[in-house]
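Asker: Residue numbers (my numbering): 23 to 377.
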Ligand code: PEP
Ligand code: MN
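1) Determine which residues share a DSSP beta bridge with residue 197 and list them.
2) Is the number of C-beta pairs between the region 93-102 and the region 299-314 that are closer than 8 Å three or more?
3) Taking buried to mean at least 16 other C-beta atoms within 10 Å of its own C-beta, is residue 362 buried or exposed?
4) So residue 122 and residue 105 are in contact, right, with Cβ under 8 Å, and what is the actual spacing, rounded?
5) Return the residue from the list 193, 209, 258, 103 that minimises the CA-CA distance to residue 80.
6) Give a yes or no on whether the C-beta atoms belonging to residue 28 and residue 179 are separated by under 8 Å.
7) May I have all residues whose beta carbon comes closer than 5 Å to any heavy atom of ligand 2, sorted in chain order?
8) Measure from the alpha carbon of residue 228 to the alpha carbon of each residue in 269, 218, 159, 203, then state which is nearest.
9) Check whether the region 227-247 touches the region 52-64, counting contact only when three or more Cβ pairs, one atom from each stretch, lie closer than 8 Å.
10) Assess contact between the region 328-338 and the region 271-278, defined as three or more Cβ pairs (one per stretch) separated by less than 8 Å. Is contact present?
11) What residues are listed by DSSP as bridge partners for residue 69?
12) Quick check: what's the CA-CA separation for residue 283 versus residue 78?
13) Could you round the C-beta distance between residue 315 and residue 371 to whole angstroms and report it? I think they count as a contact, below 8 Å.
14) Taking the beta carbon of residue 190 as the centre, do at least 16 other beta carbons fall within 10 Å, making it buried, or is it exposed?
15) In this structure, how does DSSP classify residue 369 when only helix, strand and coil are distinguished?
16) Which stretch, first to last residue, makes up the beta strand (DSSP E) that contains residue 218?
17) Do you know offhand how far residue 76's Cα is from residue 130's?
18) Please indicate yes or no: does the CB of residue 130 lie closer than 7 Å to some heavy atom of ligand 1?
19) Quick check: what's the CA-CA separation for residue 285 versus residue 183?
20) So, helix, strand or coil for residue 346, using DSSP?
21) Residue 210 and residue 166 - do their beta-carbons sit closer together than 8 Å?
22) State the Cα-Cα distance for the pair residue 244 and residue 255, rounded to the nearest angstrom.
23) Examine the Cβ distances between the region 167-178 and the region 44-52 and report whether three or more of them are shorter than 8 Å.
24) Can you look up residue 47 in the DSSP assignment and give me helix, strand or coil?
25) Using the Cβ count rule (16 or more neighbours within 10 Å means buried), how would you classify residue 70?
26) I'd like the list of long-range same chain contacts for residue 172, defined as Cβ closer than 8 Å, with 5 residues on each side in sequence excluded.
27) Buried or exposed: residue 34, going by 16 or more other Cβ atoms within 10 Å of its Cβ?
28) Mark residue 200 as exposed unless 16 or more other C-beta atoms lie within 10 angstroms of its C-beta, in which case mark it buried.
29) Assuming residue 342 and residue 356 form a contact by the criterion Cβ under 8 Å, report the distance between their Cβ atoms to the nearest whole angstrom.
30) Measure the alpha-carbon distance for residue 196 versus residue 72 and round it to whole angstroms.
31) Confirm, please, whether the CB-CB distance from residue 109 to residue 90 is below 8 Å.
32) Hey, how far is the Cα of residue 347 from the Cα of residue 358?
33) Go ahead and label residue 263 buried or exposed: buried means 16 or more other beta carbons lie within 10 angstroms of its beta carbon, across all protein chains shown.
34) To which residues of the same chain is residue 250 closer than 6 Å at the C-beta, ignoring the five residues directly before and after it?
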């Protein structure tokens with residue numbers, strides 16, 4: 023599909039495009055306190071969730087319409103532009119009635135073409151920028167489909183927000199970044215604005231800076247970050263929100279690689295960034311694999327089974343050689359890699375069994 027997507031207007035073109043504000047609008051006071059503290063920090067958009075898509079029922083599901091009037095007060099009192107998440111046509115109508123400046127579509131909505139189409143239909147003839155978060159599952163086509171549906175409704179100012187992808191089990195991320203996916207998307211739509219929601223990727227505060235920097239190093243255009251005046255007592259996503267003051271520090275610590283831009287253009291920096299990220303993923307996965315090996319060690323100890331079982335090792339190697347072939351990896355490489363992994367596993371099991 024041939025598209026002519028425009029960037030969103032900016033007040034601060036020399037900075038990353040910054041969206042900041044609470045996960046959820048909770049009270050008028052909380053919204054105003056946050057907005058006033060952020061108003062001097064040169065952000066482009068103030069965010070607050072009015073309707074919250076919650077994974078399980080019985081958690082706070084958003085304040086609804088009153089929150090929209092608080093966002094109107096934010097505009098009046100601070101001059102900030104505001105954005106909120108819409109998940110159906112009712113949300114769109116209400117947001118438009120309350121002069122919300124920019125809409126965003128959340129990860130749990132992008133995943134559903136029916137919902138995206140419903141939103142698109144309610145936007146026909148409307149002139150408002152729309153930001154589209156990636157779907158919760160790592161499906162590039164689904165993300166592209168959402169862009170196309172919104173564009174076909176006549177919206178030309180479209181931006182993307184990368185918020186990571188659901189993971190099952192232990193992970194250092196709440197939502198694993200899989201940076202290759204937004205980078206692929208940017209190749210499809212080079213003009214589109216791409217932001218990183220470091221809050222939902224991290225799910226915690228101690229890695230927000232690092233992930234924000236990674237995004238900028240990969241040539242992202244900006245960030246969406248959750249800010250709360252009292253994060254510990256936030257009604258949603260308490261573990262990942264930071265105070266306006268901490269956000270100021272985060273911004274000041276960002277390294278903007280302006281002079282590196284030419285390099286980024288030629289792709290080398292971006293490709294090296296991708297390699298570093300993939301290496302990080304490989305090491306995280308290897309760490310998890312050794313954890314499982316230790317559990318096996320415990321089991322063998324309990325049952326009195328020996329560590330080295332030649333038959334099992336032959337099976338692992340055979341499986342991996344087949345897998346390796348389909349991934350274009352040489353037999354020589356798979357043999358060496360698997361041997362190194364296996365040796366390390368045995369060391370971990372040994373340690374457990376000799377404890
Ligand atoms: C949010 O931004 O608060 C939110 C619910 O995000 P996501 O759609 O990325 O889960
Ligand atoms: Mn949130």
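Glycine included, every Cβ here is placed at the ideal spot set by N, Cα and C.
Answerer: Per the coordinate set shown:
1) The secondary-structure analysis by DSSP pairs residue 197 across a beta bridge with 188.
2) No: the two stretches stay apart, fewer than three of their Cβ pairs being nearer than 8 Å.
3) Under a 10 Å Cβ-count criterion, residue 362 is classified as exposed, with fewer than 16 other Cβ atoms of the shown protein chains found around its own Cβ.
4) Contact holds; Cβ gap of about 7 Å.
5) The shortest C-alpha separation from residue 80 is found at 258.
6) It is a contact, given that the beta carbons lie within the stated cut-off.
7) My final list is 45, 259.
8) Residue 269 is the option with its Cα nearest to residue 228.
9) No, because fewer than three Cβ pairs between the region 227-247 and the region 52-64 fall closer than 8 Å, the two stretches do not touch.
10) The answer is no - the region 271-278 does not touch the region 328-338, with fewer than three Cβ pairs under 8 Å.
11) In DSSP, residue 69 forms a bridge with 105.
12) Below a pLDDT of 50, predicted positions are generally treated as unreliable, and residue 283, at 49, falls in that range; no measurement from the model is reported.
13) 6 Å between Cβ atoms; contact.
14) Exposure of residue 190 is indicated by the presence of fewer than 16 other C-beta atoms within 10 angstroms of its C-beta.
15) Shown here, residue 369 sits in a helix according to DSSP, grouped into three states.
16) From DSSP, the beta strand (DSSP E) with residue 218 extends over 215-219.
17) Linking residue 76 to residue 130 through their CA atoms gives a straight-line distance of about 9 Å.
18) Yes, the Cβ of residue 130 comes within 7 Å of a heavy atom of ligand 1.
19) Residue placement at residue 285 is flagged as unreliable, the pLDDT there being 44, under the threshold of 50; the coordinate-derived value follows with that caveat. Annotation: residue 285 to residue 183 spans about 24 Å, alpha carbon to alpha carbon.
20) It is helical.
21) Against a cut-off of 8 Å, the Cβ pair of residue 210 and residue 166 comes out as a contact.
22) Rounded to the nearest angstrom, the two C-alpha atoms are 27 Å apart.
23) Output reads no: the region 44-52 does not touch the region 167-178.
24) The three-state reading of DSSP puts residue 47 in coil, since its state is none of H, G, I, E or B.
25) So residue 70 ends up on the buried side.
26) So the list reads 127, 138, 141, 142, 145, 152, 154, 180, once near-sequence residues are dropped.
27) Its Cβ having fewer than 16 others within 10 Å, residue 34 is exposed.
28) Counting Cβ neighbours within 10 Å, residue 200 comes out buried, since at least 16 surround it.
29) That belief holds up - the Cβ atoms of residue 342 and residue 356 are roughly 5 Å apart, short of 8 Å.
30) Going from the Cα of residue 196 to the Cα of residue 72 covers about 22 Å.
31) Taking 8 Å as the cut-off, the beta carbon of residue 90 is found no closer than this to the beta carbon of residue 109.
32) C-alpha separation (whole angstroms): 14 Å.
33) By the 16-neighbour rule on beta-carbons within 10 angstroms, residue 263 is buried.
34) Scanning its chain for C-beta atoms nearer than 6 Å, with the 5 sequence neighbours on each side dropped, one finds around residue 250 the residues 44, 256, 263, in chain order.
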